[in-house]
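Below is one structure, written out as structure tokens, with a few remarks after it.
Chains as they are written, first to last, in my numbering: chain S, 1 to 275; chain B, 1 to 275.
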């Protein structure tokens, strides 16, 4: 998928919502546990109930790997289900990978080829040759961590390096890499005021924004500082939507939550772009 | 496994070699491709041929994930094979994981519980709450990236932060985390002179050292600067050992390569400890 196609989908759905799929057997509705593949059944129901309100799904690989081979099978079924039934949806493997060149090539192959995700999240610590193998894939997107939404973000990401914070250095440096057009960045919603500075460095890139909802970030604040003239945001919400109810009505309640966020997004788009 | 048990195994085998298992279908001996699970058959043969010369195996998860479910099954069979047949061996899931707290907990569950590895590699970029969930597991070890062996290491890891390089700050900060005794660190062999400074910060920790062999690092230099009075090193070699031959003699040739490294290690231990 191209960023242009993603932009068009955003305008059409009046939504830049991405739903995080973090399926935890301890949290999903108990009645699903009797099915053969509770994780897939859970994801499928959430996807069917929200696909017209969201432009992206972001399965978090940890929540599948924790269940071993069975979990990896659920991940494959989930991505296949999205690709077959809702091919316009932008898919993100939230995997936070990154390793020396030949290893990163194998991760890229895993997520872009074997599983056929549109994008994958990567960590920047190992630098250029750990990220460029991902960037080599045409019409695939590499979403690099810049400033994350957790407390630990302040351990290293905001350290002063040569007069600027490390995460800004990461953004600057990454722009010099080969095929850097295929980069997007993770920027946490818990620090909305940081978006203004970030937009000076990467005005045109899509930013994947976790931290809305359960983690406490404000949508309007993020949009105020982070939106560009092509929207340029994918706002992720996981727990607040997928765990809206533990009952048999979980998918319906997830839809209600997603609808509430989508309506807020539609209003923000209407006000900003007068459409 | 405790670090004490690992130390005892090192003295007994006169080896601190770790063999990296990076099974690439394009590189393993062609005759194995006719078997039902070429990746597992390859690993099994390498393990059987080298287990008395090495104290650790380090499967690189990328090389399994690239083959999807089949690859994940090969990974499970490989770790099970080691744990059942050579329970003294220290096992490392080279996964470079790290995410917000509840996600890191799921990764820890995946590698420490589901797959039953002794250790896993993690990336530090997201800070304390992305690493502490791994550290909570007793007698399991979390091997955090400090200074890696690739070119991109110089993009961010060596940036000056508050008067010191980022990787030194990472080492310093990590010592304050809960259960930091369960930390080990990745330090690339391509920069042997850096080990002296690193040992001032983490004198007692085990260091996992990639970059010997195919990546060009020198074993004697690394030992000169990096060894402590409990050895404190796990030196990894992957390609130089596992791809020593593409013929039916690949396991035999792998053993020859491993034996050559082990002999060099035995001599270093003898000279340093007069044993």
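Just so it is clear, CB atoms sit at the ideal spot from N, CA and C, and this is done for glycine as well.
Keep in mind that this is a model prediction, so the values were computed, not measured.
Residue i and residue j closer than 8 angstroms at C-beta
| i | j | result |
| --- | --- | --- |
| residue 22 of chain S | residue 238 of chain S | yes |
| residue 128 of chain S | residue 152 of chain B | yes |
| residue 92 of chain B | residue 82 of chain B | no |
| residue 69 of chain S | residue 46 of chain B | no |
| residue 188 of chain S | residue 148 of chain S | yes |
| residue 205 of chain B | residue 226 of chain B | no |
| residue 99 of chain S | residue 60 of chain S | no |
| residue 123 of chain B | residue 110 of chain S | no |
| residue 230 of chain S | residue 244 of chain S | no |
| residue 255 of chain B | residue 26 of chain B | no |
| residue 182 of chain B | residue 142 of chain B | yes |
| residue 162 of chain S | residue 179 of chain B | no |
| residue 139 of chain B | residue 79 of chain B | no |
| residue 42 of chain S | residue 28 of chain S | yes |
| residue 228 of chain B | residue 199 of chain B | yes |
| residue 166 of chain S | residue 208 of chain S | no |
| residue 144 of chain S | residue 107 of chain S | no |
| residue 130 of chain S | residue 104 of chain S | yes |
| residue 257 of chain S | residue 268 of chain S | no |
| residue 97 of chain S | residue 13 of chain B | no |
| residue 114 of chain S | residue 74 of chain S | no |
Where residue i falls: helix, strand or coil (DSSP)
| i | result |
| --- | --- |
| residue 176 of chain B | coil |
| residue 146 of chain S | strand |
| residue 265 of chain B | helix |
| residue 69 of chain B | helix |
| residue 208 of chain B | strand |
| residue 58 of chain B | strand |
| residue 252 of chain S | helix |
| residue 302 of chain B | Here chain B covers residues 1 to 275 and nothing more, so residue 302 of chain B does not appear. |
| residue 155 of chain S | helix |
| residue 237 of chain S | strand |
| residue 229 of chain S | coil |
| residue 116 of chain S | coil |
| residue 17 of chain B | strand |
| residue 84 of chain B | helix |
| residue 190 of chain S | helix |
| residue 257 of chain B | helix |
| residue 196 of chain B | helix |
| residue 161 of chain B | strand |
| residue 92 of chain B | strand |
Amino acids of chain B, ordered along the chain, whose beta-carbon sits closer than 7 angstroms to that of residue i
| i | result |
| --- | --- |
| residue 124 of chain S | 125, 156 |
| residue 109 of chain S | 66 |
| residue 88 of chain S | Residues of chain B passing the Cβ test: none, with the nearest at roughly 24 angstroms. |
Partner residues on chain S for residue i, Cβ-Cβ distance less than 7 angstroms
| i | result |
| --- | --- |
| residue 76 of chain B | 68, 69 |
| residue 130 of chain B | 150, 152 |
| residue 98 of chain B | 96, 123 |
| residue 63 of chain B | 106 |
Chain-ordered chain B contacts of residue i [CB-CB under 8 angstroms]
| i | result |
| --- | --- |
| residue 289 of chain S | Here chain S has residues from 1 to 275 only, and residue 289 of chain S is not among them. |
| residue 173 of chain S | 155, 156 |
| residue 166 of chain S | 156, 159, 161, 166 |
| residue 169 of chain S | 156, 159 |
| residue 73 of chain S | 69 |
| residue 249 of chain S | In chain order: nothing, as chain B lies at least about 24 angstroms away. |
Residue range of the alpha helix (DSSP H) that includes residue i
| i | result |
| --- | --- |
| residue 225 of chain S | 219-226 |
| residue 47 of chain B | 38-50 |
| residue 11 of chain S | 3-13 |
| residue 311 of chain B | Examination of residue 311 of chain B is not possible in this model, given that chain B is present from 1 through 275 alone. |
N- and C-terminal bounds of the beta strand (DSSP E) containing residue i
| i | result |
| --- | --- |
| residue 100 of chain B | Note, residue 100 of chain B: premise wrong, no beta strand (DSSP E); not H, not E. |
| residue 25 of chain S | First-last for residue 25 of chain S: undefined, no H or E at that position. |
| residue 119 of chain S | 119-122 |
| residue 186 of chain B | 183-187 |
Under 8 angstroms by beta carbon: chain S residues contacting residue i
| i | result |
| --- | --- |
| residue 145 of chain B | 125, 126 |
| residue 274 of chain B | None at all; the shortest Cβ gap to chain S is about 37 angstroms. |
Listed by chain order, chain B residues near residue i by CB distance under 9 angstroms
| i | result |
| --- | --- |
| residue 60 of chain S | 99, 103, 106 |
Under 9 angstroms from the C-beta of residue i: neighbouring residues of chain S
| i | result |
| --- | --- |
| residue 262 of chain B | Those do not exist, as residue 262 of chain B stays about 24 angstroms from chain S at its closest Cβ, beyond 9 angstroms. |
| residue 227 of chain B | Result: empty, since nearest Cβ-Cβ is about 24 angstroms, beyond 9 angstroms. |
Proximity test, residue i beta-carbon vs the ligand HEM heavy atom, cut-off 7 angstroms
| i | result |
| --- | --- |
| residue 258 of chain B | In the structure shown, the ligand HEM is absent, as is every other ligand, since no ligand is present at all. |
| request: Answer yes if the region 56-76 of chain S comes into contact with the region 6-19 of chain S, meaning at least three C-beta pairs across the two stretches below 8 angstroms, and no otherwise. | output: yes
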